[in-house]
Amino acid sequence: MEKNELPDLVMDGVNTAAGGRYNKVNINGVSKMNGALHAHTYSCDGVMKQKGDLTADELEMNGTLNLKGNLQVGEMKLNGVVNGEGSLRGERCVMDGMLKLKGDCELEELTGEGVFTVGGLLSAGRMEFGLQGQSEAGEIGVESLVIRKKGNAAWGRLLGGMIPKLKIGLRAKLIEGDTLDLEYTSADVVRGGTVIIGQGCSIGRVEYRTGLTVHPGAQVGKEEKTGE
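So for the sequence shown, the working numbering puts the first residue at 144; every next one is plus one.
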C-alpha cells in the first residue's frame, strides 16, 4: 500500500489505540499503543507507552516514549526521553535529552547532547555528543567519535528525580574507531587510528595505529602502537 493510501492517526488528550500501519501519526497528550506501529511520519508531544515495535521513516519526539519493543527509524529528532526495552536502528538521530536502551543502538549518525545508556553495542558512522550527565554503553564502535562535556540540561531540571545526579562522564568497556576524540571518558580499552585522550579521561589501555595525543590531566595505564 502506498503512503498516501494509508490512513492517518491523531490522538489528543488521553487515549488508547491498537497498532497498525499509518501514513501520519500525531500524538498530543498521554497515549498508549497496544501493538506494533508502522508510520511514515510520527510526531509526539506528550507521553506515549508503546507495547510492540515502533517503525517510522521520520520520528519527532517531544516528551517521553516508553517502548516495550524495538525502534527502527530513518530520521529521528529527540527532545525528551526515550526508554526502550529493545534496540534502536536507524539512519540519523539528533537528540537533546535522554536515550536509554537495554539492547543495541545502530545508527549512521548520532549527534546532540544529553545522556545515553546502551546495554549492548553502540555503533555509528559518525558520532558527536555533548555529555550532560553520566552516560554508558557496553561497547562503542564508530568511524568518527567526538565526546565533549556540556553543562546541566534544562530538560534534566524539568524531569527532576528521573535524572541521576551523578558526575558528567562516559563509561564503556571498549571504544573502537578510526578517529577518536574523547573527554571525560572512562574505558578499559580504547582502540583506533588517530586517538585524542582529552581532559577528564581514565583509560586502561590505548591502542593506536596512526597517532596519539594525551592531555596532561588524563590517566592512561598503557599506550601501544599497533600496525597500520
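Every residue gets a Cβ at the ideal spot worked out from N, C-alpha and C, and that includes glycine.
Query	Result
Those runs of the beta strand (DSSP E) which lie wholly inside the stretch 191 to 264 and span at least 3 residues	197 to 211, 214 to 227 and 231 to 244
Which of helix, strand or coil DSSP assigns to E367	strand
Start and end residues, beta strand (DSSP E) containing A280	Q277 to K292
N-terminal and C-terminal residue of the beta strand (DSSP E) that D330 is part of	Residue 330 is actually Ala in this sequence, not Asp. First-last of the beta strand (DSSP E) with A330: T328 to I340.
Closer than 8 Å to chain B by CB, G360	Protein chains in the displayed structure number just one, and chain B is not present.
Given A267 as reference, the closest of V261, E256, L274 and G284 once Cα atoms are compared	G284
Pick from V258, L288, E256 and G229 that is closest to M270, judged by C-alpha positions	L288
Contact check, G370 vs G343, beta carbons under 8 Å	no
With 16 other Cβ atoms within 10 Å as the buried cut-off, status of G189	buried
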